[in-house]
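If you're matching positions, the sequence shown starts at 1 in my numbering and goes up one per residue.
Virtual Cβ for every residue (Gly too), placed ideally from N, Cα, C.
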Amino acid sequence: MSQGRYEWPECWIRKIKSAQRVLEVLEYFNRDRQEGTVMDIAREFNYPQSSTSELLSCLVALGYLCRDRQARTYKPSARVAVLGAWVQPELFRHGELLPMMDALAADSGVEVCLASRVGVVVQVFHAVRTDGGDTMRPGDSSAPSVDSSGKVLLTLLDREQVRKLVHRINAESAEHLRVKADDLLCELDQIRSRGYAHQSDDGQTMLSVVVPQSSSADPLALTMKGPADVIEGDLDGYVSRLRAAVSRHVGLVEVNRPMPTRQAPVQTPYHLAS
């Protein structure tokens, strides 16, 4: 057998180069270089500008980068932060957020996930599953108007931003999945008033809150999900667990905030848009 250099097939070389570029882009960002433009990254690695733009757009669509359309810059999303959190847990997993999710799932017995908005979808990027639940997985995505994670994140937008987003969602959705902006805005007002989103569908109930953090950070939704008969039977208790966990480990959430008058959970899909 020849001891000369192994010649990789051309198709493998292309795949290896693509994988290498993905990792190089993710490693480009650090504490001192928190964002960059297409040209910044293309110059750094001597990439063609067109393929750099395509690669960054792909990473945005996958939820690994966030794009500032006005500044035309990119930065890592929260999904990148948890990508290797299982490695050397004594160093990386002993922050506040991920252990809090582990504790909340263990205490409540239901699934717990983190999600963020990626363009016109909301994407799960970390999930803690329980013995009785396995319905939320990293990479799962849905329109922000469909589940409680998306709705609670939409409460951070003003009314005009919500209307524009609904217009984009409806333009890309089948007719039976389109929503009415006024209906959604009304529900978002209710969510802001009570401080959490509450929804039941297909025998499952979801409760979501916004994770308190700096205004410049990628907005995150923390969600509990479990059998409707379990959560609805002790709704106030589950809401209190969710609030208390966030308050103790992450930031300021009113743990003892009075519960609002009980309302039936919102059923999806929404009223069809006319």
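Problem - Separation of V112 from L59, as counted between CA atoms - result: 25 Å
Problem - Residue burial classification, S50 (beta-carbon count within 10 angstroms, cutoff 16) - result: exposed
Practice task
Use the C-beta contact count for V253: other C-beta atoms within 10 angstroms, 16 or more gives buried, fewer gives exposed.
Solution key: Residue confidence is low: V253 scores 47 on pLDDT, short of 50, so the model does not pin down where it sits. Its coordinate-derived value is still stated next. When all chains shown are included, V253 counts as buried.
Exercise for the section: With Q199 as the anchor, note down where its alpha helix (DSSP H) starts and where it stops. Expected result: Q199 -> not in any alpha helix (DSSP H); beta strand (DSSP E) instead, spanning A197 to D201.
Practice task
Check each candidate in M136, A81, A217 and D131 and name the one with the smallest Cα separation from L156.
Solution key: A217
Handout entry: Helix, strand or coil at Y74 [DSSP, three-state]
Key = strand
Practice task
Could you check which residue in D102, E172, T37 and F45 has the C-alpha nearest to that of L56?
Solution key: T37
Handout entry: Close Cβ partners of T73 (< 6 Å) along its chain, the five nearest in sequence each way excluded
Key = E35 and T37
Problem - Cβ separation of K75 and F29, assumed to be a contact under 8 Å, to the nearest whole Å - result: 6 Å
Exercise for the section: Please name the residue in A115, V80, A244 and S108 whose C-alpha comes closest to that of M136. Expected result: A115
Handout entry: With 16 other Cβ atoms within 10 Å as the buried cut-off, status of L207
Key = buried
Practice task
Grab the span of the alpha helix (DSSP H) containing A85 for me, first residue to last.
Solution key: Neither: A85 is in no alpha helix (DSSP H) and is coded neither H nor E.
Handout entry: Those runs of the beta strand (DSSP E) which lie wholly inside the region 160-188 and span at least 3 residues
Key = none
Handout entry: For P227, the residue or residues it bridges with in DSSP
Key = Q204
Handout entry: Nearest-angstrom Cα separation, counted from R241 out to R194
Key = 15 Å
Problem - Beta-ladder partner(s) of V118, from DSSP - result: V121
Problem - Helix, strand or coil at G233 [DSSP, three-state] - result: helix
Practice task
Provide the residue span of the beta strand (DSSP E) that contains D68, from first to last.
Solution key: L65 to D68
Problem - Residue from V166, D140 and S18 with nearest C-alpha to Y47 - result: S18
Problem - Beta-carbon proximity of V80 to L153, cut-off 8 Å - result: no
Practice task
Figure out for me which residue from D183, I191, K225 and A197 has the closest Cα to the Cα of G203.
Solution key: K225
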